[in-house]
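S.K.:
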Amino acid sequence: MDIALDRNGSRLSNDVAFRLEFTRHRQILPLYDQIPETKDAWVAPNATLVGNVILSKYATVWYGAILRADVHPVRVGHFSVIGDGSTVHTHHSLPHGMVSSVNIGKNVSIGVRCNIHSCIIDDDCVIGDNVVIQQGARLERGCQILPNSVVKAGALIPAGQVWGGADTVRYVRDLSEEELLQNYTNSYKNGATSHDPSKVWPHEFDETPLGEGEQSLEEYAYQTYFGLNSK
């Protein structure tokens, strides 16, 4: 009788939760003594983090993404974005001099359905949709990889350049100063604040007044890239 009343009440209020199948999905999967660190980051409900994953403050991991650090660490820097359905994982070992972990810097935007192997992605890089980055690759600061590209194992992508190519990436052009600055600021706009301000890292971040001696985002970007004062 109680269940019947509950079901009738749910139907009257258009609540269909009782019809949903139970899911055993686990967002955070510790591996032995390694527990993913997600404090002050945002992880989508159906994303998966395994093992020694370290998310810095304001990083976001979107729907269906998988970060698997069962062999070596996966590190994601401040304000970086891992797109929907992307996979990040590490290898057991690589040739001498190549890191076996995944190190993603600050303000990095990784598109949807990307496949990231053990590599280094420096700050402010932009990775398009459906990109594969193979083990041992290094992407220097501020570079951009076009959608549907493959960065081969051990490749080095110089700073501030656009590369693309389905078989293997090739140089396309240099980024302009305006594009570098735009890519930098987009990493903040792409964060989870614009998606669900009630649940994620502080929505009031943009409204927080600057303290004495602190720089605005624009001032930091201009000085970092161009050695100029934004004013």
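When you read off a place in the sequence shown, starting at 1, and then add 817, the result is the number in our numbering. Note that CB positions come from ideal geometry on N, CA and C, so glycine has one too. Since the structure is predicted, the reported quantities are computational estimates derived from the model, not experimental observations.
For residue 823 and residue 862, I'd like the C-alpha separation in whole angstroms.
M.R.: By one-based count along the sequence shown, residue 823 stands at place 6. By one-based count along the sequence shown, residue 862 stands at place 45. Cα-Cα distance, rounded: 26 Å.
S.K.: Where residue 889 and residue 928 are concerned, what is the direct C-alpha to C-alpha distance, given to the nearest angstrom?
M.R.: The count along the sequence shown starts at 1 and reaches residue 889 at position 72. The count along the sequence shown starts at 1 and reaches residue 928 at position 111. Their Cα atoms are separated by approximately 23 Å.
S.K.: Counting along the chain, where does the beta strand (DSSP E) carrying residue 920 start and finish?
M.R.: The residue you call residue 920 lines up with position 103 of the sequence shown. Start and end: 919 to 921.
S.K.: What three-state label does DSSP hand residue 955 in the structure shown?
M.R.: One-based indexing of the sequence shown puts residue 955 at position 138. In the structure shown, residue 955 sits in a strand (DSSP, three-state: E or B).
S.K.: Buried or exposed: residue 984, going by 16 or more other Cβ atoms within 10 Å of its Cβ?
M.R.: Working through the sequence shown from its first residue, we reach residue 984 at position 167. Exposed: under 16 other Cβ atoms inside 10 Å.
S.K.: Have a look at residue 973 and residue 949 and give me their C-alpha separation to the nearest angstrom.
M.R.: Sequence index remark: in the sequence shown, residue 973 carries index 156 (1-based). Sequence index remark: in the sequence shown, residue 949 carries index 132 (1-based). Answer to the nearest angstrom: the Cα atoms are 14 Å apart.
S.K.: Alpha carbon to alpha carbon, how far is residue 828 from residue 963?
M.R.: In the sequence shown, counting from the first residue as 1, residue 828 sits at position 11. In the sequence shown, counting from the first residue as 1, residue 963 sits at position 146. Cα-Cα distance, rounded: 48 Å.
S.K.: How about residue 905 and residue 884: are their beta carbons less than 8 Å apart?
M.R.: As a position in the sequence shown, residue 905 is number 88, starting the count at 1. As a position in the sequence shown, residue 884 is number 67, starting the count at 1. In this structure, residue 884 lies closer than 8 Å to residue 905 by Cβ.
S.K.: Apply the 10 Å Cβ neighbour rule to residue 903 and answer buried if 16 or more other Cβ atoms are within range, or exposed otherwise.
M.R.: The residue labelled residue 903 in the question sits at position 86 within the sequence shown. Residue 903 should be labelled buried.
S.K.: Here's the rule: buried if 16 or more other CB atoms are within 10 angstroms of the residue's CB, otherwise exposed. What is residue 999?
M.R.: As a working mapping, residue 999 is identified with position 182 in the sequence shown. Classification for residue 999: exposed.
S.K.: Considering residue 886, what are the terminal residues of the beta strand (DSSP E) in which it resides?
M.R.: In the sequence shown, counting from the first residue as 1, residue 886 sits at position 69. Residue 886 -> beta strand (DSSP E) spans 883 to 893.
S.K.: By the three-class DSSP mapping on this structure, what secondary structure does residue 841 have?
M.R.: Along the sequence shown, one-based indexing puts residue 841 at 24. Here residue 841 sits in coil by DSSP.
S.K.: Helix, strand or coil: how does DSSP classify residue 987 here?
M.R.: One-based indexing of the sequence shown puts residue 987 at position 170. Of the three classes helix, strand and coil, the one that applies to residue 987 here is strand, per DSSP.
S.K.: Compute the distance between the beta-carbons of residue 947 and residue 931, then report whether it is under 8 Å.
M.R.: Counted from its first residue, the sequence shown places residue 947 at position 130. Counted from its first residue, the sequence shown places residue 931 at position 114. Taking 8 Å as the Cβ cut-off, residue 947 and residue 931 qualify as a contacting pair.
S.K.: Helix, strand or coil for residue 1029 per DSSP?
M.R.: On the sequence shown, residue 1029 is found 212 positions in, with the first residue counted as 1. Of the three classes helix, strand and coil, the one that applies to residue 1029 here is coil, per DSSP.
S.K.: With a Cβ-Cβ cutoff of 8 Å, do residue 911 and residue 952 count as a contact?
M.R.: For the purposes of this step, residue 911 is taken as residue 94 along the sequence shown, with counting starting at 1. For the purposes of this step, residue 952 is taken as residue 135 along the sequence shown, with counting starting at 1. Their beta carbons are under 8 Å apart, which means residue 911 touches residue 952 by this criterion.
S.K.: Relative to the C-alpha of residue 917, which residue among 845, 881, 1029, 891 is closest?
M.R.: Translated into positions along the sequence shown, residue 917 becomes position 100. Looking at the Cα atoms, 891 is the closest of the given residues.
S.K.: Short check: CB of residue 865 to CB of residue 844, under 8 Å?
M.R.: Within the sequence shown, residue 865 is the residue found at index 48, counting from 1. Within the sequence shown, residue 844 is the residue found at index 27, counting from 1. Yes. Within cutoff.
S.K.: Spell out the partners DSSP gives residue 950 in its beta bridges.
M.R.: What you label residue 950 is simply residue 133 of the sequence shown in a count that begins at 1. DSSP output for residue 950 lists 933, 968 as bridge partner(s).
S.K.: For residue 893, which option in 954, 909, 987, 941 has the closest C-alpha, if you only look at C-alpha atoms?
M.R.: Walking along the sequence shown from the start, residue 893 turns up at place 76. The shortest Cα separation from residue 893 among 954, 909, 987, 941 belongs to 941.
S.K.: Going along the chain, which residues of its own chain have a beta-carbon closer than 7 Å to the beta-carbon of residue 988, five neighbours each way excluded?
M.R.: Along the sequence shown, one-based indexing puts residue 988 at 171. Once the five neighbours on either side are set aside, the close Cβ partners of residue 988 are 978, 980.
S.K.: Exposed or buried, what is residue 825 when buried is set at 16 or more other beta-carbons lying within 10 Å of its beta-carbon?
M.R.: Within the sequence shown, the letter at position 8 stands for residue 825. By the neighbour-count rule (16 or more Cβ atoms within 10 Å), residue 825 is not buried but exposed.
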